[in-house]
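Following: one structure in structure tokens, then a few remarks.
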Amino acid sequence: MAPFVPGNEVELSSYQNEFSPTSSLPDSSPRSKSQDSISKALRARIESIDLESCDPGEEDTFYVADLGLIYQRFMTWKRLLPRVEPFYATKCNNDKRVLQLLAQLGAGFDCASVSEINSVLNLDQCVVSPERIIYAHPCKTASSLRYASKLNVLKMTFDNADELYKCAKHAPNAELFLRITTDDSKAQCQLSVKYGAPLDTTGDLLTLAQQLNLNVVGVSFHVGSGASDPTDFVKAVEDARHVFDQAASLGMAPLSTLDIGGGFTHETFAETASLLNGLLDECFPRDQVRIISEPGRYFVSSAFVLASHVIAKRTIDETHAMIYLNDGAYGNMNCIIFDHQKPIPRMLTHNGKFMYNAPSNTTNTGSNEEKYTLSVWGPTCDGIDCIAERTMLTVSPNAGDWMYFEEFGAYTLSASTTFNGFNENCQIVYVCSEKEAAKLLPF
């Protein structure tokens, strides 16, 4: 790898990228420093591409990732929710630089498969002990149970009797968490439709675990990914307390850990943390119960910006057009389908002018500027590959321009495909707007 050079931003190759902090930036607000870092990296990457002579793939979509923003979010978590230990949801964004930084910060990891477990245990220049992993999938294959047990990844979830019989046979030393259902009806992605034991079954499951001589150590729940209402946690925590009491009434060893899952967003985090601090202390005394969680998008969503190239334009009339990008719903914008996101296209360049974060980039209803109504599409042959059915901008993009999408670090690159042969060369350019974060990184 290239040497670590403070203040020198470098373009990096896909998934084997070098790292360059932007520590020479003047002191300013964290958001301002991050935008400066991202802006410089976007401009440098685009200016390095000659659209008239580049080879196929050189103008492909790319990310700029500010690892400093992840560091900021982690520090905010520790300050506002100090009792709750984060076990990062690997599925949200499994980029190895993200995992390395969080590992260096001391985070645990929520893994749902053997592949995710291996990605954490085999991080370059980082040592993550198996005790820092929770195998948070209630329905595992027998081979996966044996594999995890052999690696000493013992924290596991279950929500049904069949899983207990499987654990007794293939992972009898497991440290089990009973996952309970929650009301996640207001969440961006609802999970209780698929996983979680109803409260009228938890007593029988605990009794069966006793009979099988299995070690149940805690309770877990998940209020849904992207939960928008902090009060969703209240009933879930109270229900978890009920299960703790059930276990005690059955004469089981005291349950020691509560896993409050994920669902955290940066927009509501302060309010959620304030509510949880008092609620957890009331229901679960500090000297008796350890609290862990499985945040994902809270840490990474804002840290990634996606840049995509305008490859074609179909003009409908003077103010209406169809715009085609080289990334879409089958690629990094799969979040449209899988995560119910609605990406907002913004102009990055227009006719050679760099427009990142420009005030006139998007319009509002009160603007006197001329507005162009656009539909934005991905590159594949499928009609479902629509990024935005209707969006309005103050300029009408042309082929050769670039657009960008903010808040693109969660459930994007981790689920992208290469359908139709597109998105095979997506690169990530890393920057770091926080000096302290740069010191932690092992490269």
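Anchor point for the sequence shown: position 418 equals 447 in this note's numbering, and the numbering is continuous, going up by one each time.
From the three backbone atoms N, C-alpha and C, an ideal C-beta is built for every residue, glycine too.
Cβ-based burial, residue i [other Cβ within 10 Å; buried from 16]
| i | result |
| --- | --- |
| THR446 | exposed |
| TYR359 | buried |
| ARG60 | exposed |
| GLU347 | exposed |
| LEU422 | buried |
| GLU300 | exposed |
| ASN46 | Only weak support is given to the placement of ASN46: the predicted model assigns it a pLDDT of 35, under 50, and the question is left unresolved by the model. |
| SER425 | buried |
| GLN158 | Note that residue 158 is Ser in the sequence shown here, rather than Gln. It counts as exposed. |
| SER337 | buried |
| ASN390 | buried |
| LEU150 | buried |
| GLY6 | As shown, the chain starts at 30 and ends at 472. That puts residue 6 outside it, with no answer to give. |
| LEU130 | buried |
| GLN240 | exposed |
| PRO85 | exposed |
| VAL156 | exposed |
| ALA238 | buried |
| PHE367 | exposed |
| GLY280 | exposed |
| LEU80 | exposed |
| ALA341 | exposed |
| CYS461 | buried |
| GLN154 | exposed |
| PRO408 | buried |
| THR260 | exposed |
| ASN380 | exposed |
| LEU228 | exposed |
| ASN202 | exposed |
| ILE413 | exposed |
| LYS198 | exposed |
Secondary structure of residue i, DSSP reduced to three states
| i | result |
| --- | --- |
| ALA467 | helix |
| GLN239 | helix |
| THR420 | strand |
| VAL149 | helix |
| ASN452 | coil |
| ASP229 | helix |
| ASP288 | strand |
| ILE373 | coil |
| PHE437 | coil |
| ILE413 | coil |
| SER52 | With a pLDDT of only 35 at SER52, under the threshold of 50, the placement of this residue in the model should not be trusted; the figure read from the coordinates follows. It is coil, neither helix nor strand. |
| THR394 | Only weak support exists for where THR394 lies, its pLDDT of 48 falling under 50; the value from the coordinates is given anyway. Looking at THR394 - three-state DSSP - the assignment turns out to be coil, as it is neither helix nor strand. |
Extent of the continuous alpha helix (DSSP H) run through residue i
| i | result |
| --- | --- |
| VAL263 | 261-278 |
| HIS199 | 190-199 |
| TYR164 | Per DSSP, TYR164 belongs to no alpha helix (DSSP H); it is in the beta strand (DSSP E), 162-164. |
| LEU174 | 171-179 |
Start and end residues, beta strand (DSSP E) containing residue i
| i | result |
| --- | --- |
| ASN244 | 244-249 |
| ILE457 | 456-460 |
| TYR224 | Per DSSP, TYR224 belongs to no beta strand (DSSP E) and is neither H nor E. |
| LYS184 | 184-187 |
| LEU403 | 401-406 |
| LEU207 | 204-208 |
8 Å contact criterion, which residue i and residue j should meet: CB distance rounded
| i | j | result |
| --- | --- | --- |
| LEU180 | CYS196 | Incorrect: roughly 15 Å between the Cβ atoms, too far for contact. |
| THR287 | VAL318 | Inspection of the sequence shows that residue 287 is occupied by Leu rather than by Thr. Contact flag correct, Cβ pair sits at about 6 Å. |
| ALA466 | TYR92 | Not quite, the Cβ-Cβ distance comes to about 17 Å (not below 8 Å), so this is no contact. |
| GLU160 | ILE320 | With 8 Å as the limit, GLU160 and ILE320 do not qualify as a contact, their Cβ atoms being about 16 Å apart. |
| GLU87 | ILE75 | About 11 Å; that fails the 8 Å criterion. |
| SER172 | ALA200 | About 11 Å; that fails the 8 Å criterion. |
| ALA372 | ILE416 | Note that residue 372 is Pro in the sequence shown, not Ala. Their Cβ separation, rounded to whole angstroms, is 6 Å, which keeps PRO372 and ILE416 in contact under 8 Å. |
| PHE437 | PHE333 | 5 Å |
Give the list of continuous beta strand (DSSP E) stretches no shorter than 3 residues that lie fully inside the stretch 293-364. 319-322, 333-346 and 349-354
Whole runs of the alpha helix (DSSP H) within the stretch 68-141, excluding any shorter than 4 residues: 96-109 and 125-134
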